[in-house]
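Asker: Submitted below is the structure of interest, expressed as structure tokens.
2 protein chains.
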Amino acid sequence: MTPAAQILTTLRAAEHGVSSSDLCQKLKISRAAVWSHIESLRDAGFEIIASPHRGYQLISSPEQLIAEDLLSRLAGKILIGRRIQTLQTTSSTNDEIEKAAQTGEAEGLVVFAESQNQGRGRLGRKWSSPTGRGLWFSVLLRPALTANECTQLTAAAAVSLVRAIRQSTGVHAGIKWPNDIQIKGRKVAGILTEMSAEIDHVRHVILGIGIDVNQTASDFTGELSGIATSLKLALGKAVDRAQLAEQILRELDADYDRILNRQFPSIAEEWAGHCTTIGKEVIVDIGPRRISGRAEALDESGALLIRTQHGRMERVIGGDVTLTK
Amino acid sequence: MTPAAQILTTLRAAEHGVSSSDLCQKLKISRAAVWSHIESLRDAGFEIIASPHRGYQLISSPEQLIAEDLLSRLAGKILIGRRIQTLQTTSSTNDEIEKAAQTGEAEGLVVFAESQNQGRGRLGRKWSSPTGRGLWFSVLLRPALTANECTQLTAAAAVSLVRAIRQSTGVHAGIKWPNDIQIKGRKVAGILTEMSAEIDHVRHVILGIGIDVNQTASDFTGELSGIATSLKLALGKAVDRAQLAEQILRELDADYDRILNRQFPSIAEEWAGHCTTIGKEVIVDIGPRRISGRAEALDESGALLIRTQHGRMERVIGGDVTLTK
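Protein sequence lines correspond, in order, to chains R and V. All residue numbers for the first sequence refer to the working numbering, where the first residue is 48 and numbers rise by one. All residue numbers for the second sequence refer to the working numbering, where the first residue is 48 and numbers rise by one.
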């Protein structure tokens, strides 16, 4: 962590404030250096007050996502988020991770952007990412999994999102298979998992996540009207994006650990508990092919098992799902 | 096809030569244009004689691989090789295809290079690609397969190579699972299959192939000594690379068609017939994991089934195989 991130971590951990001399001692830097870092943090939008008795106190954090701030919240104890970049704008955070992956970046890098001008969803679809309203970010992973097993990562990310949203906001979201997070039937978040692999060796996986956080109803126009929602709309008040981001990275980190430790069955169980698709009559369109039947369960690889009208069990790992009842 | 490729196709198809006026008529170009193309072909190393009675005759083709020449041999009737590039040198032909894929190139592009300065094998290993001695090339595919099913493409490429080598040279090569082509226990060719995918949607697959064609014993030094061979060494004479390339592209095209038409079982059967691994006691090292037992069969996805000493059947889709007996 940088000195600025260490200062933020220390201020957050302190109940009543931290004296300048405590900061000097802790960071092993001079009083002037502490002062200079505090000033930079204030310039970045952190409200930090200083009083003779209590020392420095962190009152509030800026609206803008700041890498130092996120790193300070995670306090360096996790793999996913060991390195964080926050950009104002980019084509797509998945593109940023792809570039980093190709230059040999280790796993755990997370890139956030305040806006994406070519944000994308599954199958090359457009993803709307208005400035500052959501969390648009991507994670670089280099799991020792086969290409086939990587389906597990999408399921893991989905349960991470559901848990983090509930813990940060109290909102209970559900999962529409394979990768939509919904609130009352409206999409609030999506996951785009991309990978680069040899047949028997995955080079890297990019977990791209988009969450509609603080949009108002008027932000969802056109084709999004009626099918999309935000956490703010569900909750009736704005959500602290940095706090939510912190919680999501913690949950992702924990679930990635479960995957690598071959605990996918426990994730699949949790997933099924949140899934609004299981038990429903569905139509799945996979390219030109259409399968209809009852969504029965998730198999050990994250695929959806559908019992067709003819009683046959079909295993599908992708496609568009429509509930028919 | 370009006029030059059309001229080559016409000259190859003619038993006794083609008159200038026939070429004019066929290509719908002037006599001067025909002459100019013939001159360009001669400059490129094609030996074309002209006689008053017989017209133009193609006597020989250059050593160098030339895209026009390969296109003319395939005569435009196939998907794999519908577009061909021949480069003098590149980092790796897989890199060239990756760049083309990212700019939206359609499937079927094939890139050959006379030499690669960063040729690679599986798992990031170096692949030696000396100038003009082998066939180093890559194919862009965009199959409607899942990431898991793409294993089939490596198996298909292996049977294509074995067939093409036999048809072009009479040499019987075998397959060492998963992707080595061997002659009498020495490696003569390798396949590196790379893919870019979403979880439920393969964007593109790059089939990279390297074949040791005209190396002599002194070309295989150091770690290659004793484990690698060339078709020339096996056959006792040099092999026409362009003719072999043509045959390989034809076979790849046919086998790709079989895969897309869900005829993988017939490929798996052919594969098993050529496989020198099946029926042998093997050790497979997959990262830190080691499986030993008898290689029994290839399953429907191209994975190797190994019966361990404890009687359990293990399914492996990658790793390094060592024969133990």
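For glycine and all other residues, C-beta sits at the position ideal for the given N, C-alpha and C. Since the model is a prediction, treat every value here as computed from it, not as a measurement.
For the stretch 189 to 201 of chain V, which residues have a beta carbon sitting closer than 9 Å to at least one beta carbon of chain R?
Answerer: Flagged, chain order: Ala191, Thr193, Ala194, Asn195, Cys197, Thr198, Leu200 and Thr201.
Asker: Residues of chain V with CB under 7 Å from Ser243 (chain R), in chain order?
Answerer: Within the first sequence, residue 243 (chain R) is the residue found at index 196, counting from 1. What Ser243 (chain R) touches in chain V: Ser243.
Asker: Whether or not the stretch 256 to 266 of chain V and the stretch 277 to 296 of chain V are in contact is what I'm after, with contact meaning three or more pairs of Cβ atoms, one per stretch, closer than 8 Å; do they touch?
Answerer: Contact holds: three or more Cβ-Cβ distances are below 8 Å.
Asker: Determine, for His248 (chain V), whether the minimum Cβ-Cβ distance to residues of chain R falls below 8 Å.
Answerer: Taking the first residue of the second sequence as 1, we reach residue 248 (chain V) at position 201. It does: the Cβ of His248 (chain V) has a partner Cβ on chain R nearer than 8 Å.
Asker: Just checking: is the beta-carbon of Gly151 (chain V) within a distance shorter than 8 Å of some beta-carbon in chain R?
Answerer: In the second sequence, the residue the question calls residue 151 (chain V) occupies position 104. No - not a single Cβ of chain R is within 8 Å of the one on Gly151 (chain V).
Asker: Within 10 angstroms of the Cβ of Ser139 (chain R), are there 16 or more other Cβ atoms? Answer buried if so, exposed if not.
Answerer: Numbered from its first residue, the first sequence carries residue 139 (chain R) at position 92. It counts as buried.
Asker: Would you give the residue range spanned by the alpha helix (DSSP H) that Arg297 (chain V) belongs to?
Answerer: The residue given as residue 297 (chain V) occupies position 250 in the second sequence. Note, Arg297 (chain V): alpha helix (DSSP H), Arg288 to Leu307.
Asker: In the structure shown, what three-state DSSP assignment does Glu154 (chain R) receive?
Answerer: If you number the first sequence from 1, residue 154 (chain R) lands on position 107. DSSP places Glu154 (chain R) in coil when its eight states are reduced to three.
Asker: Is it the case that the stretch 283 to 296 of chain R contacts the stretch 316 to 325 of chain R, given that we only count it when at least three CB pairs across the two stretches are under 8 Å?
Answerer: Because the criterion of three Cβ pairs below 8 Å is not met, the stretch 316 to 325 of chain R and the stretch 283 to 296 of chain R do not touch.
Asker: Look at the alpha carbon of Glu152 (chain R) and the alpha carbon of Gly334 (chain V), and state the distance between them as a whole number of angstroms.
Answerer: The residue labelled residue 152 (chain R) in the question sits at position 105 within the first sequence. The residue labelled residue 334 (chain V) in the question sits at position 287 within the second sequence. Approximately 21 Å, taken between the alpha carbons.
Asker: Roughly how many whole angstroms lie between the Cα atoms of Ala275 (chain V) and Ile212 (chain V)?
Answerer: Taking the second sequence and counting its residues from 1, one reaches residue 275 (chain V) at position 228. Taking the second sequence and counting its residues from 1, one reaches residue 212 (chain V) at position 165. Approximately 16 Å between the Cα atoms of the pair.
Asker: Can you name the residues of chain R whose CB is closer than 8 Å to the CB of Thr240 (chain V)?
Answerer: As a working mapping, residue 240 (chain V) is identified with position 193 in the second sequence. Per Cβ cutoff of 8 Å: Glu245 and Ile246.
Asker: Helix or strand or just coil, what does DSSP make of Ala244 (chain V)?
Answerer: By one-based count along the second sequence, residue 244 (chain V) stands at place 197. Of the three classes helix, strand and coil, the one that applies to Ala244 (chain V) here is strand, per DSSP.
Asker: Helix, strand or coil: which one does DSSP assign to Ala204 (chain V)?
Answerer: The count along the second sequence starts at 1 and reaches residue 204 (chain V) at position 157. Three-state result, Ala204 (chain V): helix.
Asker: Should His251 (chain V) go down as buried or exposed, given a rule of 16 or more other Cβ atoms within 10 Å for buried?
Answerer: Here residue 251 (chain V) refers to the residue found at position 204 when the second sequence is read from its first residue. When all chains shown are included, His251 (chain V) counts as buried.
Asker: Which full runs of the beta strand (DSSP E) of 3+ residues lie inside the stretch 189 to 240 of chain R, going along the chain?
Answerer: Counting only runs of 3 or more, we get 221 to 223 and 227 to 230.
Asker: Establish whether the CB of Gly334 (chain R) and some CB of chain V are separated by less than 8 Å.
Answerer: Here residue 334 (chain R) refers to the residue found at position 287 of the first sequence. By this cut-off, Gly334 (chain R) is an interface position.
Asker: Comparing the C-beta of Arg309 (chain V) with each C-beta of chain R, is any distance below 8 Å?
Answerer: To locate residue 309 (chain V), count along the second sequence from 1; it is residue 262. Output row for Arg309 (chain V): interface = no.
Asker: Please report whether the beta-carbon of Gly237 (chain V) lies at a distance below 8 Å from any beta-carbon of chain C.
Answerer: Absent from the structure is chain C; the protein chains it does hold are R and V.
Asker: How would you call Ile230 (chain R), buried or exposed, if buried means at least 16 neighbouring beta carbons within 10 angstroms?
Answerer: Taking the first sequence and counting its residues from 1, one reaches residue 230 (chain R) at position 183. Buried: at least 16 other Cβ atoms inside 10 Å.
Asker: Between Arg167 (chain V) and chain R, is the shortest Cβ-Cβ distance under 8 Å, so that the two count as touching?
Answerer: Residue 167 (chain V) sits at position 120 when you count from the first residue of the second sequence. False, the Cβ-Cβ gap to chain R never drops below 8 Å.
Asker: Measure from the C-beta of Gly269 (chain R) to each C-beta in chain V and report whether the shortest distance is under 8 Å.
Answerer: Here residue 269 (chain R) corresponds to residue number 222 of the first sequence, with the count starting at 1. No, Gly269 (chain R) does not count as interfacial toward chain V.
Asker: Run through the DSSP bridge pairs and tell me what Gln132 (chain R) is partnered with.
Answerer: Position 85 of the first sequence holds residue 132 (chain R). In DSSP, Gln132 (chain R) forms a bridge with R:Val158.
Asker: Could you name the residues of the same chain whose beta carbon sits closer than 6 Å to that of His203 (chain V), not counting the 5 residues immediately before and after it, in chain order?
Answerer: Position 156 of the second sequence, counting from 1, holds the residue named residue 203 (chain V). The identity of residue 203 (chain V) in the sequence shown is Ala, whereas the question assumes His. Excluding residues within five positions, the ones whose Cβ falls inside 6 Å are Asp302, Ile306 and Ile314.
Asker: Rounded C-beta distance between Glu245 (chain V) and Leu239 (chain R)? I'm assuming under 8 Å.
Answerer: Here residue 245 (chain V) corresponds to residue number 198 of the second sequence, with the count starting at 1. Here residue 239 (chain R) corresponds to residue number 192 of the first sequence, with the count starting at 1. Right, their Cβ atoms sit about 7 Å apart.
Asker: Any beta carbon of chain V sitting closer than 8 Å to that of Pro225 (chain R)?
Answerer: Within the first sequence, numbered from 1, the residue matching residue 225 (chain R) stands at position 178. Yes, Pro225 (chain R) counts as interfacial toward chain V.
Asker: For the structure I just gave you, are there three or more beta carbon pairs, one from the stretch 163 to 175 of chain V and one from the stretch 214 to 222 of chain V, closer than 8 Å?
Answerer: Verdict: no, contact absent.
Asker: If you compare alpha carbons, which of R:Asp300, R:Ala350 and R:Thr324 is closest to Gly232 (chain R)?
Answerer: Numbered from its first residue, the first sequence carries residue 232 (chain R) at position 185. Gly232 (chain R) has its Cα closest to that of R:Thr324, out of R:Asp300, R:Ala350 and R:Thr324.
Asker: Can you pull the chain R neighbours of Ile256 (chain V), defined as C-beta to C-beta under 8 Å?
Answerer: For the purposes of this step, residue 256 (chain V) is taken as residue 209 along the second sequence, with counting starting at 1. Simply none; closest approach about 14 Å.
Asker: Using only the alpha-carbon positions, how far apart do Pro50 (chain R) and Ala61 (chain R) sit?
Answerer: Numbered from 1 along the first sequence, position 3 holds the residue referred to as residue 50 (chain R). Numbered from 1 along the first sequence, position 14 holds the residue referred to as residue 61 (chain R). Distance between the alpha carbons of Pro50 (chain R) and Ala61 (chain R) is about 16 Å.
Asker: Which residues in the same chain have their Cβ closer than 6 Å to the Cβ of Glu343 (chain V), if we skip the five residues on either side of it in sequence?
Answerer: As a first step, residue 343 (chain V) must be located in the second sequence, where it is residue number 296. Result list for Glu343 (chain V): Leu352 and Arg354, in chain order.
Asker: Please report whether the beta-carbon of Ile330 (chain R) lies at a distance below 8 Å from any beta-carbon of chain V.
Answerer: Working through the first sequence from its first residue, we reach residue 330 (chain R) at position 283. With 8 Å as the cut-off, Ile330 (chain R) does not count as an interface residue toward chain V.
Asker: Give the straight-line distance between the Cα atoms of Val249 (chain R) and Asn141 (chain R), rounded to the nearest whole angstrom.
Answerer: Your numbering for residue 249 (chain R) matches position 202 in the first sequence. Your numbering for residue 141 (chain R) matches position 94 in the first sequence. Val249 (chain R) and Asn141 (chain R): Cα-Cα distance of roughly 17 Å.
Asker: In angstroms with no decimal places, state the Cα-to-Cα distance between Ser272 (chain V) and Leu182 (chain R).
Answerer: Walking along the second sequence from the start, residue 272 (chain V) turns up at place 225. Walking along the first sequence from the start, residue 182 (chain R) turns up at place 135. Between Ser272 (chain V) and Leu182 (chain R), the C-alpha separation is close to 55 Å.
Asker: Quick check: Glu161 (chain R) and Leu112 (chain R), are their CB atoms within less than 8 Å of each other?
Answerer: For the purposes of this step, residue 161 (chain R) is taken as residue 114 along the first sequence, with counting starting at 1. For the purposes of this step, residue 112 (chain R) is taken as residue 65 along the first sequence, with counting starting at 1. Yes, these two residues count as a Cβ contact at 8 Å.
Asker: Compute the Euclidean distance between the alpha carbons of Lys284 (chain R) and Gly179 (chain R), then round it to the nearest angstrom.
Answerer: For this step, residue 284 (chain R) is matched to residue 237 along the first sequence. For this step, residue 179 (chain R) is matched to residue 132 along the first sequence. Roughly 16 Å separates the two Cα atoms.
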